[in-house]
Structures are given as structure tokens and as C-alpha cells.
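Anchor point for the sequence shown: position 12 equals 18 in our numbering, and the numbering is continuous, going up by one each time.
The beta carbon of each residue, even a glycine, is placed where N, CA and C say it ideally should be.
For reference, the structure discussed in these notes is given below.
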Amino acid sequence: MVDPSILAAPFVKRFGAAPQIYRAPGRVNLIGDHTDYNEGFVLPAAINFFCYAAISARTDKQLVMFSENLSETIMAPLSKSIGRSSKWTDYPLGVFLQLQNAGFTLGGANLYIASEVPIGAGLSSSAALEVSAAYALLGVFGHQADPLQVAKLCQKAENDFVGANCGIMDQFVACHGLAEHALLLDCRSLQFQAIRIPDSLRIVICNTMVEHKLVAEQNDYNTRRAECEEAIRLLAQDMPHVRALRDLTRNDLETHRDLLPGTLYKRCRHVVTENQRVEQMADALQRNDLKQVRKLMAESHRSLRDDYEVSCPELDLMVMLADQKPGVHGARMTGAGFGGCTVNLVEHTHVDEFRRHIAEQYLATTGHNPEIYVCEAVGGAARVL
Ligand code: GLA
């Protein structure tokens, strides 16, 4: 983990002013994928990979953004109408615009971004960037950040400015994360309950290193959303109370199956069963019923692979390799899919052996070295200097 004060010296050198420093975490979702935009349930945890945003106010109307990861500086004049550039700066710029639209008075600023969240790995590097930038912009201009409002505005920035039609999960958990806990979030009411992760377990994330190109991923992701919307339109003809797939029961789905083309039926079956699994998983974790945890995560992976069709051979291989080992209480793909990472709940005494096994076998089969991260669940966005 970066010591935040380390960022102060390069910031002063670059911008000639002392910064305030904020950070927001990446996330891993234990279960409940592609349910958030269907107003269903998710169970993510914020993880100890952070995006840091150091900031100072400027006297002119410029947003000067520097990325330490890319060694790149981009300046955006704030006076003219700001357009999308399809670069990383769309995230902080989109956030700036949303905050301003929401009535916050902001000015020009120097923004220095340094992120530990692996990019394009499905661990929400974009939400961490958005949320850290939002906290920094609000803080430096003297506004108090309300976590729920920040989460909603950052999601809106990603939907309206960046053009990715994401749900609320990533931004929500980046703002509300809690040490040692996952959050059981109802994406309709936005009420959540903290679910303690059993002490003996470690969250181990295995990165397939398959990076779906951002644009392609957005297209596939947006297609899935459109399929869900089309299914609702068809189902609502007979069941007007179905406003989102959240409102559909398994029984409703089966009795109205003939309203849906085969693909849409499968998409719905994933969402309906995944919502049930999220609630069952929260319950199983609280009862320390690790057999049930393992079963639910396996079912979730199969459902994402076969019904929602967002897995890929490398993710399936990672899950299969994890299943071979003792001490593994669950393995599944996590996040949007199409590449990225698996999440594994591993008994702490078995972590070293697990890592070794995955690293060796994945390399032997694919020719690629996977990255493996042993994570902790952490608190949400905050000022650190
Ligand atoms: C991405 C989106 C989230 C969610 C997941 C899939 O991470 O940003 O809103 O839809 O995919 O669960």
C-alpha cells in the first residue's frame, strides 16, 4: 500500500503547492453479478487496493490532471463546454461536471492520480478513480462529501459522460466499504447490511490477465443490459407489476416462459437465481456454513457462464483449478466478466499452497503468468492527508 505522504513531494514539485490527499478502494464482488442494474442484490467488499487523488485548487479555470501510472498530463479548460475524449481523464471530468450540475461550486484544480487498482481486471479501477476524484474535488473546495450522493453522481458520470451503462454497485462500495465486511446491498432501496467475512477466510483474487478491450467490454455489457430491458418489456405485457427483473420470481418466469425468446429466458433465469443466491450467501457467511458458500459460488459461476454468457475459457479454467484444492470454500468469476478475475474464499492455512497451485497450473495450460492478490476488506473513500 502506498504511504499517502509519499505523493506529497512529487505533487509539490509538479504543481508548486501542498496537496490534500484522498483515496477510494477497488472492490471485489463475492456474489451477485449483473444483478445491480436489475435492481437486485449484490455482495461486494472494498479491497485494499486504492486509487489516490492528490489535489490543490488553482486560480485559473483549468483542470490539470496527471496520471502517475501513465506519466501523462492532460489539461482541460473548464470555461468551454467539455466533451468526451475517450481517455482516462473522462472519469474525473465527468465527475467534475456531475458535481457542478448537482450544485456544488468548484473551480480549477491540479489533480494527481496514482492508482494501485489493477486496470481492466474487473476490480473497479474506474469507480475508484471517479470516487477518489469526487472526494478530492469536494474536499478542496470545502464541501462535505455525502457517500450516497457521491456514489450516485459518480455512477451518473460513468453512464452519461463516459458512456458505460454500469449499475451502482462499484461506486456504492467504493464509498461505503467496511473493514472485514462485505456489503449486502439492495440496489433498489440502496439499503445495506454489513456481513462479516469469517475470520479464518482470505479473499484471494486470481487475475487471468485477459483484458477485454474497454470498448468491446462496454458493448457486450450494454448489450446484456438491453436484453434485460427487452425481457421486462415482454414480460410486463402479462405482468405489469414487473418493473425490473428484481420483481420476477422463478415461478413467474417459468409460467411466462413462452413470452421470451430462448436467449432472453436464460438471461432472466440468471438474474432471478443470482438474486436468491446473494441472500442465501449472506446468510451462509453469517452462519459460517462454508459448504453452502462453496455451493452457491459454484452455481453462480455456472449461471454466469451458461445463462448470462459472460465468462471466458480462462476464467473457467481458474475456477476449475481452484476447485481441485482443499481449503477452498468457493471460487467464481467476479464483476462484469469477459476476462478479468476470479474471487476465491480460501482457508488462511491453505493460501500459500493455493497460490502455488494456481500459478503453476495456469501458466502450464495457458502460457501466461497470472497475478494473484490476497486481499483484505477495507473501509470506503476518505481523506488521508
Ligand atoms: C461492472 C459494473 C457493475 C456491475 C458489474 C456486474 O462492474 O460496473 O455495475 O453491473 O459489472 O455485476
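For residue i, report the span of its beta strand (DSSP E) as first-last.
i, result
"GLN68", "68-73"
"ARG29", "26-35"
"GLY346", "It is not in any beta strand (DSSP E) - GLY346 carries neither H nor E in the DSSP assignment."
Note the first and the last residue of the continuous alpha helix (DSSP H) segment covering residue i.
i, result
"LEU105", "96-107"
"GLU359", "357-372"
"VAL137", "131-146"
"CYS274", "268-292"
"ALA337", "Careful: ALA337 lies outside any alpha helix (DSSP H), inside the beta strand (DSSP E) at 334-339."
"PRO10", "No alpha helix (DSSP H) holds PRO10; DSSP gives it neither H nor E."
"ALA180", "175-182"
"MET303", "296-312"
"ASN257", "256-261"
"ALA1", "Within the shown structure, residues of the chain are numbered from 7 to 391, placing residue 1 beyond reach of any answer."
Buried or exposed for residue i, going by 16 or more other Cβ atoms inside 10 Å?
i, result
"ASN213", "buried"
"ALA1", "Residue 1 falls outside the range modelled here, since the chain spans only 7 to 391, and no answer is possible."
"LEU369", "exposed"
"ALA151", "buried"
"VAL247", "The sequence shown places His at residue 247, not Val. Exposed, because fewer than 16 other Cβ atoms sit within 10 Å of the Cβ of HIS247."
"GLN177", "buried"
"HIS374", "exposed"
"GLU136", "buried"
"ILE12", "exposed"
"ARG249", "exposed"
"MET287", "buried"
"GLN104", "buried"
"ASP42", "buried"
"SER73", "buried"
"GLU260", "exposed"
"PRO376", "buried"
Mind checking who residue i pairs with in its DSSP beta bridge?
i, result
"PRO50", "ASN35"
"TYR118", "ALA60 and PHE72"
"VAL156", "Its beta-bridge partners do not exist; DSSP assigns none."
"CYS212", "THR348 and ILE378"
"ALA188", "ILE201"
"MET81", "VAL70"
"ALA388", "ARG29"
"ALA383", "ILE53"
"GLU353", "LEU207"
Cβ of residue i within 9 Å of Cβ of residue j?
i, j, result
"MET175", "ASN281", "no"
"ALA383", "LEU184", "yes"
"ALA337", "ILE203", "no"
"TYR28", "ALA120", "no"
"CYS181", "ALA157", "yes"
"PHE344", "VAL316", "yes"
"ALA387", "TYR141", "yes"
"GLN155", "GLY173", "no"
"ILE211", "VAL123", "no"
"ILE209", "VAL380", "yes"
"GLY346", "THR340", "yes"
"GLU353", "LEU254", "no"
"ALA163", "GLY100", "yes"
"HIS335", "VAL299", "yes"
"ASP96", "VAL168", "yes"
"TYR271", "HIS40", "no"
"PRO98", "MET81", "no"
"ALA115", "LEU143", "yes"
"SER309", "THR279", "yes"
"ALA237", "ARG263", "no"
"PHE198", "TYR118", "no"
Is the shortest distance between the beta-carbon of residue i and the beta-carbons of chain B less than 9 Å?
i, result
"GLN243", "The structure shown contains no chain B; it holds only a single protein chain."
In chain order, what residues place their C-beta within less than 5 Å of a heavy atom belonging to the ligand ZN?
Absent from the structure shown: the ligand ZN. Ligands present: the ligand GLA.
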